[in-house]
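Working notes, beginning with the structure itself.
In this note's numbering, the protein residues as written are 100 to 562.
Okay, structure coming up:
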């Protein structure tokens, strides 16, 4: 609402309220048969009506002007929509082309892919324009209703909060969801700006300097990218591994854990969603690592592992038996290594999967039952219902579970050992360089996972 519209609305509301009061007083005076008061109040109402009529005409004129402006915008958008529609038809012809112009299959495939991609982009633009057109049409219709009410003197001015509620209800549901998303993210953004932005900026600055304590004061001397160079060439951990080796090993380990944990969590969530005796107890078992102290669980596992290793010789451990079994089946070495590593890390996988299982379980239970009922009526098996209904419906949660697994995995990464080494030597510039590399590595890994998974996610509300 602009200034002129707001000013007219205030004037109209003020005069409307004043007229309502005078009419109530007039009614009381008529009931008391007070002729003098009736004449005086009638005269005041007549004078007020003249002023009210002018404001009413101004409001009608202003709303009509706004409608004319929106009609012009609507016409422009309609023309843009027609142009995009024609362009989309041309690209769809290329997408549906079955004979290559030069007789080459590669050219045909390329044309089909390009045509499909361009057509999809144009469809998205057309949808955006159609939404704007619908919004303008709703606004014009709403104004026309107000104009008719004002002309018939039936328009009741609404208060600020009522107008805000009415305005909120007029916003499309998808936009309301986006707005709520921004609202819920706002506390995190404010917290980041207040508590984290300065430390991150300071760490970035320190990583480019030699920072050492001198007589109780930190001295800062510009060093450029030498801290990063020294980190990759001079520093080794307690096992003799360089930072580059640890970074590469962390990448491999994290990728393996990410795949195994997400798949394992989904399988367990599907099993826990079925009804069986002791269902609640089994759920509690998988969520125990999240509730209890992780350090206590780790040492308990270490103690159990120590007793197992002391009671079993090398060839009789579970991992070795499993390895021998897979090798006897003549499976590829890489596949065998992947499975053996997964089995060998079963304790840490279960320990890392508690939250992900809970997330997947909540997602599975939120799938509309009507979809399963319709599938049953069509004769679908449980296997088909899982792949055609459950899996697509919970696919957006894969991204959430993946990001949580990455963050959880990086918090236990060996990279942090170099931070402790540098900090122990009072080399705060090197320690900051480790923190910056850790931050960049995490950000790039999450970005890569998001980019890979984004195109493969299915959103039920958007279909």
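Note that beta-carbon positions come from the ideal geometry of N, C-alpha and C, so glycine has one too.
List the endpoints of the continuous alpha helix (DSSP H) containing residue i.
{"i": "residue 274", "result": "272-290"}
{"i": "residue 363", "result": "342-371"}
{"i": "residue 428", "result": "Per DSSP, residue 428 belongs to no alpha helix (DSSP H) and is neither H nor E."}
{"i": "residue 136", "result": "134-194"}
{"i": "residue 465", "result": "Taken as a continuous stretch (DSSP letters only), residue 465 belongs to no alpha helix (DSSP H), as it is neither H nor E."}
{"i": "residue 486", "result": "Taken as a continuous stretch (DSSP letters only), residue 486 belongs to no alpha helix (DSSP H), as it is neither H nor E."}
{"i": "residue 298", "result": "296-305"}
{"i": "residue 105", "result": "102-131"}
{"i": "residue 478", "result": "That residue, residue 478, is in no alpha helix (DSSP H); it is neither H nor E in DSSP."}
{"i": "residue 448", "result": "445-451"}
Under three-state DSSP, which class holds residue i?
{"i": "residue 312", "result": "strand"}
{"i": "residue 335", "result": "strand"}
{"i": "residue 267", "result": "helix"}
{"i": "residue 499", "result": "helix"}
{"i": "residue 320", "result": "strand"}
{"i": "residue 376", "result": "coil"}
{"i": "residue 548", "result": "helix"}
{"i": "residue 528", "result": "helix"}
{"i": "residue 254", "result": "coil"}
{"i": "residue 555", "result": "coil"}
{"i": "residue 510", "result": "coil"}
{"i": "residue 197", "result": "coil"}
{"i": "residue 328", "result": "helix"}
Does the Cβ of residue i have 16 or more other Cβ atoms within 10 Å, making it buried, or fewer, making it exposed?
{"i": "residue 359", "result": "buried"}
{"i": "residue 187", "result": "buried"}
{"i": "residue 414", "result": "Annotation note: pLDDT 39 at residue 414 (below 50); position unreliable, no value reported."}
{"i": "residue 456", "result": "buried"}
{"i": "residue 365", "result": "buried"}
{"i": "residue 114", "result": "buried"}
{"i": "residue 299", "result": "exposed"}
{"i": "residue 473", "result": "exposed"}
{"i": "residue 280", "result": "exposed"}
{"i": "residue 375", "result": "exposed"}
{"i": "residue 385", "result": "buried"}
{"i": "residue 134", "result": "exposed"}
{"i": "residue 310", "result": "buried"}
{"i": "residue 321", "result": "exposed"}
{"i": "residue 334", "result": "buried"}
{"i": "residue 197", "result": "exposed"}
{"i": "residue 155", "result": "buried"}
{"i": "residue 338", "result": "exposed"}
{"i": "residue 357", "result": "buried"}
{"i": "residue 307", "result": "buried"}
{"i": "residue 542", "result": "exposed"}
{"i": "residue 517", "result": "buried"}
{"i": "residue 476", "result": "exposed"}
Handout entry: Sufficient close CB pairs (3 or more, under 8 Å) joining the stretch 539-556 to the stretch 498-513
Key = The stretch 539-556 is in contact with the stretch 498-513.
Practice task
Report yes or no: do three or more beta-carbon pairs, one from the stretch 152-163 and one from the stretch 236-256, lie closer than 8 Å?
Solution key: Cβ pair count under 8 Å is three or more, so yes.
Exercise for the section: Pair every Cβ in the stretch 265-277 with every Cβ in the stretch 213-222, then say whether three or more of these pairs are closer than 8 Å. Expected result: Too few Cβ pairs lie closer than 8 Å, so no.
Practice task
Pair every Cβ in the stretch 478-486 with every Cβ in the stretch 517-535, then say whether three or more of these pairs are closer than 8 Å.
Solution key: No, because fewer than three Cβ pairs between the stretch 478-486 and the stretch 517-535 fall closer than 8 Å, the two stretches do not touch.
Exercise for the section: Assess, as a yes-or-no matter, whether the stretch 538-554 is touched by the stretch 367-374 under the definition of 3 or more beta carbon pairs within less than 8 Å. Expected result: Touching, no.
Practice task
Flag this pair as touching only if the stretch 170-180 and the stretch 220-236 have three or more C-beta atom pairs under 8 Å; answer yes or no.
Solution key: When Cβ pairs closer than 8 Å are counted between the two stretches, the stretch 170-180 is seen to touch the stretch 220-236, the count reaching three or more.
Problem - Three-pair Cβ contact test at 8 Å for the stretch 133-149 versus the stretch 274-290 - result: Note that the stretch 133-149 does not touch the stretch 274-290; fewer than 3 beta-carbon pairs, one per stretch, sit closer than 8 Å.
Exercise for the section: Report yes or no: do three or more beta-carbon pairs, one from the stretch 503-522 and one from the stretch 537-546, lie closer than 8 Å? Expected result: The way I'd put it, the stretch 503-522 does touch the stretch 537-546; three or more beta-carbon pairs between them come closer than 8 Å.
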